[in-house]
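Protein chains in written order, with our numbering: chain L, 198 to 467; chain B, 4 to 343. Worksheet: one structure, shown below.
Here you go:
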């Protein structure tokens with residue numbers, strides 16, 4: 198967990214300071230240097246250059262910005278849909294609860310990547326649409342989680358007290374119940390970061406996400422497909438970046454779960 | 004809850020979910036894309052041709068009638084005609100599916116054969132460096148982008164070492180000289196049954212790299228799941244009793260403990276099987292594997308919506324049915340589930 202969180206912190210720092218860290222910041226956009234293309238790693242270009250002579254290191258560094266942005270926005274959108282639905286389902290119970298949960302069941306019947314692929318294929322391949330697609334395939338998990346939290350929180354005394362004092366339905370749900378359900382959802386959201394980075398890279402790899410010249414890791418791998426056998430560095434480093442980012446987010450997620458879930462902790466100690 | 008009422012509830016929930024799935028795929032493919040009629044007749048069509056195509060495709064009718072027609076046709080096995088290949092979608096799927104299934108089954112078997120022993124070892128040596136190593140391995144397996152791993156394996160094992168072929172399902176020349184008789188559609192099985200060992204060898208060499216790539220994710224999960232369940236079981240009283248009888252440790256692990264651990268492990272396998280139906284899209288793209296994923300990728304690029312709809316529904320259907328079967332099997336085996 199410590200290793201994971203320090204890498205995550207490092208990733209955030211890289212994303213923030215990319216313009217200062219990247220040796221050739223202009224390469225993250227459309228700049229090309231055809232004369233310098235396909236250069237293997239050297240002092241001048243530590244990770245080599247790609248088919249348009251762009252510095253791979255600069256693009257990989259900038260890629261962290263894209264991936265973190267996708268993660269934050271996609272999870273944010275998914276929470277925005279999933280959280281209110283979950284808390285409403287959990288508090289109201291009855292038919293409304295049944296309806297919301299059946300809708301989540303339907304969305305959970307699709308493998309996440311498949312639904313995200315189908316949605317981005319239909320909306321048109323852009324990074325923005327990929328984020329929307331990921332959010333639409335992800336929200337039901339948060340609805341489920343939040344519902345089960347809300348079901349237990351609504352039995353607590355302070356909710357009863359609020360109801361007795363004549364608080365409105367909306368006030369009870371969003372003022373009293375919601376804030377008390379948020380902790381596990383935030384943990385879950387941070388745990389999902391790795392999977393979402395992986396999904397967005399996969400979408401871009403299939404041509405359904407970011408488009409050139411965006412320095413997106415999955416897209417960088419995809420565009421290298423015609424010449425990666427002879428120029429290994431162009432495919433290797435963006436892939437390593439995805440791997441390290443996903444791995445460290447997963448480690449942090451695992452660590453958080455172990456801290457918060459005593460059952461898991463006991464299992465670890467056995 | 005009685006077992007029969009649990010089954011009834013679970014089955015009806017799955018049917019409702021499937022209707023929802025069909026509704027979503029229908030809406031996605033018939034409401035979202037701009038002017039499907041134009042795609043059907045091509046970019047240079049005259050307005051009257053587009054209008055005729057709209058009538059032919061039934062796009063001029065109200066949406067609920069279109070959905071009703073779509074769902075009844077779907078149940079009858081009429082999944083529409085692909086815009087790209089102009090073949091019935093179901094026929095296309097039947098042609099591409101065996102290649103994908105062969106790859107997935109091979110990959111899943113690899114994951115189980117390596118993952119279960121590794122998980123047992125990890126649990127038996129809990130806390131030692133073997134355990135740490137296998138845990139790291141399993142966590143890494145889940146974080147690896149499969150498409151990238153495939154390309155790295157191609158660089159190492161095709162370009163540098165020359166051990167395995169770059170891509171494809173079989174060597175084309177071999178297939179010409181030693182054609183495989185189509186029985187199951189699985190090259191490995193068909194060539195083996197008919198004693199066509201040259202073709203078998205070629206097919207086997209071709210499937211190794213994509214199958215290894217595909218197996219990393221299920222492998223990681225299998226190791227984690229086996230380890231976790233084994234650890235829990237090894238702490239149970241009956242294991243202590245068996246140990247007290249002086250039964251050898253290998254027998255305790257591989258017979259007494261594994262027997263109870265294999266259920267959850269197979270559950271995870273069944274669910275990752277459905278997952279692999281999608282991850283194979285990426286792997287088939289890397290290895291030019293002529294399966295459903297390649298078909299889907301071309302369908303996506305050309306916005307061939309009947310094909311996209313067919314594949315999406317097929318996979319969601321498999322996913323729902325597998326989930327249902329797993330739940331039912333667990334309910335039969337473990338009464339605690341149906342009570343809870």
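Glycine is no exception: its CB is placed at the ideal position from the N, C-alpha and C atoms.
Using DSSP's beta-bridge definition, name the partner residues of residue 252(L). By one-based count along the first chain, residue 252(L) stands at place 55. Bridge partners of residue 252(L): 246(L).
Classify residue 14(B): buried if its beta carbon has 16 or more other beta carbons within 10 angstroms, exposed otherwise. Here the question's residue 14(B) lines up with position 11 in the second chain. That one is exposed.
By DSSP's criteria, residue 216(L) is part of a beta bridge. Which residues make up the other side? Locating residue 216(L) in the first chain gives position 19, where the first residue counts as 1. Residue 216(L) is not bridged to any residue.
Where residue 417(L) falls, given that 16 or more other Cβ within 10 Å makes a residue buried: Here residue 417(L) corresponds to residue number 220 of the first chain, with the count starting at 1. Counting Cβ neighbours within 10 Å, residue 417(L) comes out buried, since at least 16 surround it.
Do residue 146(B) and residue 440(L) have their C-beta atoms closer together than 8 Å? If you number the second chain from 1, residue 146(B) lands on position 143. If you number the first chain from 1, residue 440(L) lands on position 243. Yes, the Cβ-Cβ distance between residue 146(B) and residue 440(L) is below 8 Å.
Using three-state DSSP, classify residue 250(B) as helix, strand or coil. As a position in the second chain, residue 250(B) is number 247, starting the count at 1. If DSSP states are grouped into helix, strand and coil, residue 250(B) belongs with coil.
Would residue 130(B) pass as a contact of residue 290(B) if the rule is Cβ separation under 8 Å? Residue 130(B) sits at position 127 when you count from the first residue of the second chain. Residue 290(B) sits at position 287 when you count from the first residue of the second chain. Result no, Cβ atoms of residue 130(B) and residue 290(B) do not sit closer than 8 Å.
Since residue 32(B) meets chain L, which of its residues come closer than 7 Å, beta carbon to beta carbon? Looking up residue 32(B) in the second chain gives position 29. By Cβ distance, chain L contributes 319.
Less than 8 Å between the CB atoms is what I'm expecting for residue 411(L) and residue 263(L), so what's the real figure, rounded? If you number the first chain from 1, residue 411(L) lands on position 214. If you number the first chain from 1, residue 263(L) lands on position 66. Rounded, the Cβ-Cβ distance is 6 Å, consistent with contact.
By the DSSP assignment, the alpha helix (DSSP H) with residue 357(L) in it spans what residues? Here residue 357(L) corresponds to residue number 160 of the first chain, with the count starting at 1. 354 to 361 is the extent of the alpha helix (DSSP H) around residue 357(L).
Terminal residues of the alpha helix (DSSP H) in which residue 259(B) lies: Indexing the second chain from 1 puts residue 259(B) at position 256. Segment: none, residue 259(B) is in no alpha helix (DSSP H) and carries neither H nor E.
Suppose you measure from the CA of residue 63(B) to the CA of residue 28(B); what does that come to, to the nearest Å? Here residue 63(B) is taken as the residue at index 60 of the second chain, counted from 1. Here residue 28(B) is taken as the residue at index 25 of the second chain, counted from 1. If you take the alpha carbons of residue 63(B) and residue 28(B), they lie about 19 Å apart.
Report the neighbours of residue 335(L) on chain B: residues whose CB is nearer than 8 Å to its CB, in chain order. Taking the first chain and counting its residues from 1, the one referred to as residue 335(L) is at position 138. Ordered by position in chain B, no residue passes the 8 Å Cβ test against residue 335(L), which lies about 15 Å from the chain.
Between the Cα of residue 306(L) and those of 127(B), 248(B), 17(B), spot the shortest distance and give me the residue it belongs to. As a working mapping, residue 306(L) is identified with position 109 in the first chain. Minimum Cα distance to residue 306(L) is reached at 17(B).
With a threshold of 8 Å between beta carbons, is residue 23(B) in contact with chain L? Here residue 23(B) is taken as the residue at index 20 of the second chain, counted from 1. Interface residue, yes.
Output needed for residue 409(L): all residues of its chain with C-beta closer than 8 Å, excluding positions within five of it in sequence on either side, in chain order. By 1-based counting over the first chain, the position of residue 409(L) is 212. Cβ neighbours of residue 409(L) beyond the five flanking positions: 416, 420.
By how many angstroms is the C-alpha of residue 244(L) removed from the C-alpha of residue 73(B)? Locating residue 73(B) in the second chain gives position 70, counting from the first residue. Locating residue 244(L) in the first chain gives position 47, counting from the first residue. Residue 73(B) and residue 244(L): Cα-Cα distance of roughly 52 Å.
Rounded to the nearest angstrom, what separates residue 466(L) and residue 294(B) at their Cα positions? As a first step, residue 466(L) is located in the first chain; it is residue number 269 there, counting from the start. As a first step, residue 294(B) is located in the second chain; it is residue number 291 there, counting from the start. Interpretation of residue 466(L) is limited by its pLDDT of 36, a score under 50 that renders its predicted location unreliable; no figure is taken from the coordinates.
Just to confirm, is the Cβ distance from residue 268(L) to residue 383(L) under 8 Å? Locating residue 268(L) in the first chain gives position 71, where the first residue counts as 1. Locating residue 383(L) in the first chain gives position 186, where the first residue counts as 1. No, they are not a contact pair.
Any beta carbon from chain B within less than 8 Å of residue 467(L)'s own beta carbon? Numbered from 1 along the first chain, position 270 holds the residue referred to as residue 467(L). Only weak support exists for where residue 467(L) lies, its pLDDT of 32 falling under 50; the value from the coordinates is given anyway. With 8 Å as the cut-off, residue 467(L) counts as an interface residue toward chain B.
Taking buried to mean at least 16 other C-beta atoms within 10 Å of its own C-beta, is residue 343(B) buried or exposed? Start at 1 with the first residue of the second chain, and residue 343(B) comes out as number 340. With a pLDDT of 48 at residue 343(B), under the threshold of 50, the modelled position of this residue cannot be trusted; read the value that follows with caution. That one is exposed.
Measuring only the C-alpha atoms, how far is residue 424(L) from residue 328(L)? Stepping through the first chain from its first residue, residue 424(L) is reached at position 227. Stepping through the first chain from its first residue, residue 328(L) is reached at position 131. Taking the straight line joining both Cα atoms gives about 29 Å.
What first and last residue would you give for the alpha helix (DSSP H) that runs through residue 326(L)? Along the first chain, one-based indexing puts residue 326(L) at 129. Residues 324 to 350.
Taking 7 Å as the limit between beta carbons, can you name the residues of its chain near residue 255(L), skipping five residues before and five after? Position 58 of the first chain, counting from 1, holds the residue named residue 255(L). Closer than 7 Å at Cβ, skipping near neighbours: 219, 220, 221, 222, 224, 225.
Give me the subset of the stretch 135 to 153 of chain B whose CB atoms are less than 9 Å from a CB atom of chain L, sorted by chain position. 142, 143, 145, 146, 147, 148, 149, 150, 151, 152
By alpha-carbon positions, which one of 56(B), 241(B), 257(B) ends up nearest to residue 229(B)? The count along the second chain starts at 1 and reaches residue 229(B) at position 226. Selected option, being the one with the closest Cα: 257(B).
Span of the alpha helix (DSSP H) holding residue 299(L)? Translated into positions along the first chain, residue 299(L) becomes position 102. Counting along the chain, the alpha helix (DSSP H) containing residue 299(L) begins and ends at 291 to 305.
Check whether the stretch 170 to 182 of chain B touches the stretch 201 to 209 of chain B, taking contact to mean three or more Cβ pairs, one atom from each stretch, closer than 8 Å. yes
What do you get for residue 132(B), buried or exposed, if any count of 16 or more other CB atoms within 10 angstroms of its CB means buried? Counting from 1 along the second chain, the entry for residue 132(B) is found at position 129. Exposed, because fewer than 16 other Cβ atoms sit within 10 Å of the Cβ of residue 132(B).
Would residue 399(L) pass as an interface residue toward chain B - the criterion being a Cβ-Cβ separation below 8 Å? Position 202 of the first chain holds residue 399(L). Interface residue, yes.
For a test of the three-state rule: what should DSSP assign to residue 293(B), helix, strand or coil? Position 290 of the second chain, counting from 1, holds the residue named residue 293(B). In this structure, residue 293(B) counts as coil in the three-state DSSP scheme.
Cβ atoms of residue 279(B) and residue 213(B): under 8 Å apart, would you say? The residue you call residue 213(B) lines up with position 210 of the second chain. The residue you call residue 279(B) lines up with position 276 of the second chain. For residue 213(B) and residue 279(B), no; Cβs fall outside 8 Å.
Helix, strand or coil: how does DSSP classify residue 409(L) here? Sequence index remark: in the first chain, residue 409(L) carries index 212 (1-based). In this structure, residue 409(L) counts as coil in the three-state DSSP scheme.
Where the stretch 215 to 249 of chain L meets chain B: residues whose CB sits under 9 Å from a CB there: none
How do the stretch 369 to 378 of chain L and the stretch 255 to 274 of chain B stand: do at least 3 beta-carbon pairs fall below 8 Å, yes or no? no
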